[in-house]
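Novice: The following block contains the structure, expressed as structure tokens.
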Amino acid sequence: MDILVSNDDGVYSPGLRALAEAMRPLGRVVIVAPDRDRSGASNSLTLSRPLRPKRLEDDVWAVDGTPTDCVHLALTGLLPFRPDIVLSGINHGPNLGDDVLYSGTVAAATEGRSLGLPAIAVSMETFEPVHLDTACRAVRLLLENMGDHPLPRDTLLNVNVPDRPWEAVRGLRATRLGKRHPSAPMVADTDPRGKPIYWIGMAGAAADEGEGTDFQALREGFISVTPIHFDMTRHDALGVLGAWLPDAGPA
């Protein structure tokens, strides 16, 4: 198996390196990841300038772009072969509910899926995780079973892992995305030269963390595994919308 590993925390992230190392017994592992922290980059592509991938060592590339850039480059010509799967993470901090709209971790997996490969995004419960090996074991377990149970072509897995030893994890649970309250207001400040600056507010607390959600699973000590797809059409609204749209055709 040939495995592409990326992330949004950057090429030097301990989570990225732990995941790549844990996958090496399965086959060739290639890292193509941002050269710095690009958390919150979502699915953005860099279109206003060229990208300059830098080979740091054998099968390790740093890219001066977003997580989506990294996976796009890797799968459209940077690598001399086509991987079998894209893994993104291990992210330091969770990606629950609405987080998937902003997450560069999820975006890297999304790009892999949109280019035809199965993909898994994996994140830890805490921002300073201790038990990265638990997430690695979860990914290994998923890979061992996905061969017999392949994902639909428009679906990726978003995995969130409690920061506890493997023996203390209660199991893996299939979940739906919960929902957060709106984020906290932005924080206004001034820089050392007296110019105004603004910090984006913290993510909102859980609004829907009830039965079946990723929030609930993680809170109860389970590894949350959420299937995500990105057909954003609200199909049940098409009929209603079509019924009232004005006729703009020729008289």
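Here the sequence shown is numbered in my numbering, starting from 4 and rising by one per residue. C-beta: ideal position from N, C-alpha, C; glycine also.
Considering only residues of the same chain and omitting the five flanking positions on each side of F84, which have a CB-CB separation below 7 Å?
Specialist: Only D5 meet the Cβ criterion.
Novice: Which residue spans inside the stretch 88–158 form an unbroken beta strand (DSSP E) run of at least 3?
Specialist: Entirely contained in the stretch 88–158, the beta strand (DSSP E) runs reaching 3 residues are, in chain order, 88–94 and 122–127.
Novice: Nearest chain D C-beta to H238 closer than 8 Å, yes or no?
Specialist: The displayed structure is made up of one protein chain only, and chain D is not part of it.
Novice: For the alpha helix (DSSP H) holding A246, just list the boundary residues, first then last.
Specialist: Start and end: L241 to W247.
Novice: Please tell me whether L19 and I93 are closer than 8 Å, where the distance is taken between their beta carbons.
Specialist: Yes, the pair counts as a contact, with Cβ atoms nearer than the cut-off.
Novice: Can you check whether the CB of V164 is closer than 8 Å to the CB of V109?
Specialist: No; because the gap between Cβ atoms is not below 8 Å, this pair is not in contact.
Novice: First and last residue of the alpha helix (DSSP H) that includes A25?
Specialist: Element bounds for A25: P17 to M26.
Novice: Could you compute how far the alpha carbon of R237 sits from the alpha carbon of L244?
Specialist: If I take the Cα positions, the gap works out to 10 Å.
Novice: Tell me the DSSP secondary structure of D72 in three-state form.
Specialist: Reduced to three states, the DSSP call for D72 is helix.
Novice: Buried or exposed, going by whether 16 or more other CB atoms sit within 10 Å of the CB of R41?
Specialist: When all chains shown are included, R41 counts as buried.
Novice: Using CA coordinates, which residue listed in T69, T113 and V32 is at the minimum distance from G43?
Specialist: Among T69, T113 and V32, the Cα nearest to that of G43 belongs to T69.
Novice: Can you name, in chain order, every residue of its own chain whose Cβ lies under 6 Å from the Cβ of E212, other than the five neighbours on each side?
Specialist: Around E212: G181, F218 and Q219.
Novice: Straight-line CA distance for T229 to W64?
Specialist: Their Cα atoms are separated by approximately 29 Å.
Novice: So, helix, strand or coil for T236, using DSSP?
Specialist: Here T236 sits in coil by DSSP.
Novice: Nearest to H134 by CA position, among V14, D250, G13 and A21, is which residue?
Specialist: Of V14, D250, G13 and A21, the residue nearest in Cα terms is A21.
Novice: Can you tell me the Cα-Cα spacing of M235 and S106, whole angstroms?
Specialist: One C-alpha to the other measures close to 17 Å.
Novice: Shortest alpha-carbon distance to G207 belongs to which of K198, Y201, S186 and L159?
Specialist: Minimum Cα distance to G207 is reached at S186.
Novice: Need the endpoints of the alpha helix (DSSP H) that R58 sits in, please.
Specialist: First-last for R58: K57 to E60, but that is the beta strand (DSSP E), not the alpha helix (DSSP H).
Novice: State the Cα-Cα distance for the pair D111 and N46, rounded to the nearest angstrom.
Specialist: The sequence given here places Ala at residue 111; Asp does not occur at that position. If I take the Cα positions, the gap works out to 7 Å.
Novice: My understanding is that V3 touches L82, with C-beta atoms under 8 Å, so please give their C-beta distance in whole angstroms.
Specialist: This structure gives no information on residue 3, because the portion of the chain shown stretches from 4 to 254.
Novice: Buried or exposed for A171, please, with buried defined as at least 16 other CB atoms from any protein chain shown within 10 angstroms of its CB.
Specialist: A171 is exposed by the Cβ-count criterion.
Novice: Could you give the distance in angstroms between the alpha-carbon of L59 and the alpha-carbon of S9?
Specialist: Rounded to the nearest angstrom, the two C-alpha atoms are 14 Å apart.
Novice: Is it the case that the Cβ atoms of I123 and L159 are separated by a distance below 8 Å?
Specialist: Closer than 8 Å, so yes.
Novice: Using DSSP with H/G/I as helix, E/B as strand and the rest coil, what is L54?
Specialist: Here L54 sits in coil by DSSP.
Novice: Whose CA, out of D62, R222, D67 and A36, lies closest to the CA of S271?
Specialist: The question about residue 271 has no answer here: the residues shown for the chain are numbered 4 through 254.
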